[in-house]
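Reading through the structure tokens given below for one structure.
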Amino acid sequence: MSVVGPLPDYFERACTLPFERVDLPSPHRSPTRLLSQVERATIRVSAPDVEDVPPGNSVMHEATLRLAIFKERDLLEYFSGAYIAATLQRLFWGAHPSIHAHRGWALLAELDRRDLVEVWLSAEPIDLDLRDHFRRMRLRERLRELDGGITKSTR
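Quick note on numbering: the sequence shown equals residues 17 to 171 in the numbering used here.
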């Protein structure tokens, strides 16, 4: 009896490709730790269709496929960024329920950086005195700001 579906098909194709090692930043050094609660709460992920997931044999490709499956099943639009990060962390590294999903957030950031998925958020205003509004932007752009020293204003 053969199992059909996107995951078995992925693994069948992936096993013929060389394994690609993915080095994520240390969970304690990842710029995703600098995201505000509002930024985390407004995360929305846009994944490709299952048939458009690029071939590959890595954590990145498998995570992309799993997000594409969530999209295909009309679930992705209802998932929060925290839920997605926690799900990715449990899937690839395991996690105690009370531990923050730092590796899951780092993986989500790397997926966005590599353009395998699009991760959007509403970034904090830079200058609260000018009555700026939240800025809709990609996660990778916000992390560049945070990593480069351009941080949100404090009250």
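Glycine residues also receive a C-beta, built at the ideal position from the N, C-alpha and C atoms.
query: Asp128, buried or exposed, once every other Cβ within 10 Å from all chains shown has been counted against 16; result: buried
query: Same chain, Cβ closer than 6 Å to Ala30, five either side skipped, listed in chain order; result: Asn73
query: Cβ pair Pro43, Arg119 closer than 7 Å; result: yes
query: Spatial distance of Leu40 from Leu159 (CA atoms); result: 14 Å
query: Leu92 to Ser62 span [Cα, whole Å]; result: 8 Å
query: Bridge partner(s) assigned by DSSP for Met76; result: Note: Met76 sits in no beta bridge, so no partner.
query: Contact between the stretch 51-62 and the stretch 131-140 (3+ Cβ pairs under 8 Å); result: yes
query: Limits of the unbroken beta strand (DSSP E) element including Leu15; result: Residue numbering for the chain in the displayed model covers 17 to 171; residue 15 lies beyond these limits and cannot be assessed.
query: 4 or more residues per run - each alpha helix (DSSP H) lying fully within the stretch 73-137; result: 75-88, 97-108 and 118-129
query: Distance between Asp131 and Val66 (C-alpha atoms, nearest Å); result: 15 Å
query: Simplified DSSP state of Val172, which is helix, strand or coil; result: The first residue shown for the chain is 17 and the last is 171, placing residue 172 beyond what the model contains.
query: The alpha helix (DSSP H) enclosing Arg45, as first and last residue numbers; result: Taken as a continuous stretch (DSSP letters only), Arg45 belongs to no alpha helix (DSSP H), as it is neither H nor E.
query: Through-space distance from Leu33 to Gly21, alpha-carbon basis; result: 19 Å
query: Beta-ladder partner(s) of Arg37, from DSSP; result: BP columns for Arg37 are empty, so no partner.
query: Buried or exposed by the 16-neighbour rule on C-beta atoms within 10 Å, applied to Tyr26; result: buried
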